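Residue numbers (the numbering used here): 161 to 446.
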């Protein structure tokens, strides 16, 4: 089975558990919601357009069979309208939670507990990288910011919040971790200095997770305020495996290599949905 076929099958299987068959009782019932959602996931995975994904399906009998398209394909405007009106981000969060829960269950069967690392990255509307924009002297304006918690080892995202940057990383982390703790119970939570806050340590320990967050700053005498922050010395972080935090950066790097770091949409709401689908498509690919 090819990767495209695998992503298609998973999209259909998981979509069936999180989507009603049809969006309205009096609709024409030509296509189910999970078929349309799977098409949107394929669109993101194949880095193509609404028309482009339908052209690919028109030439692939195997994909059409996996999607259950026996008589006809939807029009590209059908996909556009479904994307505009559907709760793509909520559906994606539910699917990611199920995948994360399955990964944790597999770890527990082996007598292990999962750990997670949280971080954020940006997706652009232009092919110019953030580094190029900075070196050219231009101002990096608004971009789509993807914040996620990734399970170490499997590199599956379990919490996902998509919004606008630039912004403080701590502004999205509460929602990301709320989704994470609803799906899994990580033994450890790793984060970089952008998440340095005593309240985040307290919340992690309240949920049974050891927090390992590199401190952003110290007082003039080298000490840090807060009970948990004061414990985050270089030696303590090193002894507790803080180097594993790089795995969340590896996830973002692989996501961008596989599916690209640019977004094609122009509508602000559709940009957020496209970024969400990109992360979901990569999670199914893994």
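We put the beta carbon where it would ideally sit given N, CA and C, even for glycine. Model, not experiment: these values are computed from the prediction.
Closest by C-alpha distance to residue i, when choosing among the options
i, options, result
"residue 411", "396, 171, 276", "276"
"residue 256", "242, 223, 342, 209", "342"
"residue 405", "204, 309, 324", "309"
"residue 304", "368, 312, 332", "332"
"residue 280", "395, 206, 170, 416", "416"
"residue 259", "206, 311, 205, 388", "311"
"residue 252", "320, 419, 324", "320"
"residue 266", "247, 344, 198, 307", "344"
"residue 283", "356, 323, 247", "323"
"residue 231", "218, 238, 237, 242", "218"
"residue 189", "203, 238, 221, 440", "238"
Pairwise C-alpha distance: residue j and residue i
i, j, result
"residue 174", "residue 245", "20 Å"
"residue 315", "residue 423", "22 Å"
"residue 354", "residue 330", "7 Å"
"residue 271", "residue 352", "28 Å"
"residue 226", "residue 164", "11 Å"
"residue 431", "residue 191", "24 Å"
"residue 182", "residue 194", "9 Å"
"residue 301", "residue 428", "14 Å"
"residue 399", "residue 393", "10 Å"
"residue 442", "residue 200", "13 Å"
"residue 397", "residue 408", "17 Å"
"residue 476", "residue 235", "With the chain covering 161 to 446 only, the question about residue 476 has no answer from this structure."
"residue 374", "residue 401", "12 Å"
"residue 211", "residue 268", "43 Å"
"residue 364", "residue 184", "41 Å"
"residue 172", "residue 198", "6 Å"
"residue 207", "residue 384", "46 Å"
"residue 438", "residue 313", "21 Å"
Residue burial classification, residue i (beta-carbon count within 10 angstroms, cutoff 16)
i, result
"residue 161", "exposed"
"residue 413", "exposed"
"residue 361", "buried"
"residue 166", "exposed"
"residue 327", "exposed"
"residue 334", "exposed"
"residue 433", "buried"
"residue 240", "exposed"
"residue 339", "buried"
"residue 388", "buried"
"residue 221", "exposed"
"residue 263", "buried"
"residue 325", "buried"
CB-CB length for residue i against residue j, believed under 8 Å
i, j, result
"residue 376", "residue 349", "With a Cβ gap of about 16 Å, residue 376 and residue 349 do not count as contacting."
"residue 249", "residue 436", "5 Å"
"residue 347", "residue 273", "4 Å"
| Unbroken beta strand (DSSP E) runs of length 3 or more, entirely within the segment 222–300: which are they? | 276–283
| field | Completely contained alpha helix (DSSP H) runs for the segment 303–359, where each covers 4 or more residues | value | 330–343
| query | Of all the alpha helix (DSSP H) runs that stay within the bounds of the segment 390–425, which reach a length of 4 or more residues? | reply | 394–399, 406–419
| request: Enumerate, from N- to C-terminal direction, the unbroken alpha helix (DSSP H) stretches of 4 or more residues contained entirely within the segment 184–222. | output: 193–205, 210–218
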